[in-house]
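Numbering (the numbering used here), first residue to last: 3 to 76.
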């Protein structure tokens, strides 16, 4: 039987992996290692599939709070 807490930890780890991948892409593209490299310039260094995975994992890990935040952003 799966431990729900362990599952959330795995999901959170996956979120971190995706953000680390995007960070590395930013740095490989010549980004400043002292800056966050967010989507200020229109580049967020995430594929559409990764963005969707982040949305899904975020809802699973952070639940209703994340859903409310996403609604406010849109």
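For glycine and all other residues, C-beta sits at the position ideal for the given N, C-alpha and C.
Which value, in whole angstroms, describes the spacing of the CA atoms of residue 7 and residue 51? 25 Å
For residue 37 and residue 45, the rounded distance between their alpha carbons: 14 Å
Simplified DSSP assignment, three categories, for residue 10: helix
Taking all protein chains shown into account, decide if residue 39 is buried (16 or more other Cβ within 10 angstroms of its Cβ) or exposed. buried
Under the three-state reduction of DSSP, which class applies to residue 50: helix, strand or coil? helix
Rounding to the nearest angstrom, what Cα-Cα distance links residue 32 and residue 24 in this structure? 13 Å
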